[in-house]
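Asks:
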Amino acid sequence: MACPFPLMDFMSQECMSWIKNMDGKTGDFFVCSYPKSGTTWMQHIVGSLVTKGASEGHVSDLTPFLEHKGHWNAGTPSEKIQQRHAAIGRRMYNTHIHYQMMPCGPWKCVYVIRDGRDVSVSFYH
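Using this note's numbering, you'd call the opening residue of the sequence shown number 14 and step up by one each time.
Rendered as C-alpha cells:
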C-alpha cells in the first residue's frame with residue numbers, strides 16, 4: 014500500500030510495508046494520534062499502567078515509534094525493542110499513521126484527539 018501522505022525523513026516505504034504485514038498479537042497495544050496531540054503524555058500513562066509504575070528510562074523505550082525505520086531490522090522489530098517488549102510481556106508502540114496502514118490482528122489502541130487549534134499552536138512553538 015502506498016503511503017497516502019509524504020514520508021518524513023525517519024520513515025520509508027519499505028518500513029510501511031513491514032508494518033502492514035506485521036503479525037498482530039493479542040496484547041499488542043498502540044498509542045495512536047495526530048502529531049502534537051499528547052502522544053508522549055499518553056505513552057507515559059499507558060507505560061505506567063502496564064508496568065504498574067515500575068518503568069525506568071525514557072517513555073519511548075516502552076512504546077517506541079512504530080514507523081521509525083531505525084526500529085526495524087529486515088522486516089522485524091529491532092532486537093533491542095524485542096527485548097524490551099519481552100521484559101514487560103507485551104508489545105507497545107506509538108504511531109501517527111492511518112488506521113488502514115496498521116497491521117491486522119487482535120490489537121488494542123488508545124486514540125488521542127486534541128483540538129486542532131491547540132495542535133497548531135503546539136506545532137508553532
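All C-beta atoms, glycine included, are put in the ideal place defined by N, C-alpha and C.
Alpha carbon to alpha carbon, how far is methionine 114 from methionine 35? Give it in angstroms, no decimals.
Replies: The sequence position of residue 35 within the sequence shown is 22, counting from 1. The sequence position of residue 114 within the sequence shown is 101, counting from 1. Answer to the nearest angstrom: the Cα atoms are 11 Å apart.
Asks: Can you grab the Cα-Cα spacing for the pair glycine 66 / methionine 24, in whole Å?
Replies: Taking the first residue of the sequence shown as position 1, residue 66 is located at position 53. Taking the first residue of the sequence shown as position 1, residue 24 is located at position 11. Roughly 31 Å separates the two Cα atoms.
Asks: Counting pairs of Cβ atoms below 8 Å between the stretch 83 to 93 and the stretch 114 to 128, do you hit three or more?
Replies: Counting Cβ pairs under 8 Å, fewer than three are found: no touch.
Asks: Quick check on the burial criterion: 16 or more other C-beta atoms within 10 angstroms. Buried or exposed for lysine 117?
Replies: In the sequence shown, residue 117 corresponds to position 104, counting from 1. The residue asked about is misnamed: residue 117 is cysteine in this sequence, not lysine. When all chains shown are included, cysteine 117 counts as exposed.
Asks: Can you tell me the Cα-Cα spacing of valine 72 and valine 59, whole angstroms?
Replies: Counted from its first residue, the sequence shown places residue 72 at position 59. Counted from its first residue, the sequence shown places residue 59 at position 46. If you take the alpha carbons of valine 72 and valine 59, they lie about 10 Å apart.
Asks: How would you call tryptophan 31, buried or exposed, if buried means at least 16 neighbouring beta carbons within 10 angstroms?
Replies: Here residue 31 refers to the residue found at position 18 of the sequence shown. Around the C-beta of tryptophan 31, 16 or more other C-beta atoms lie within 10 Å, and the residue is accordingly described as buried.
Asks: Quick one: measure Cβ to Cβ for cysteine 28 and lysine 82, integer angstroms, because I've assumed they're closer than 8 Å.
Replies: Translated into the one-based positions of the sequence shown, residue 28 becomes position 15. Translated into the one-based positions of the sequence shown, residue 82 becomes position 69. With a Cβ gap of about 4 Å, cysteine 28 and lysine 82 count as contacting.
Asks: Would you kindly check if the distance between the Cβ of leucine 75 and the Cβ of serine 68 is under 8 Å?
Replies: In the sequence shown, counting from the first residue as 1, residue 68 sits at position 55. In the sequence shown, counting from the first residue as 1, residue 75 sits at position 62. Result yes, Cβ atoms of serine 68 and leucine 75 sit closer than 8 Å.
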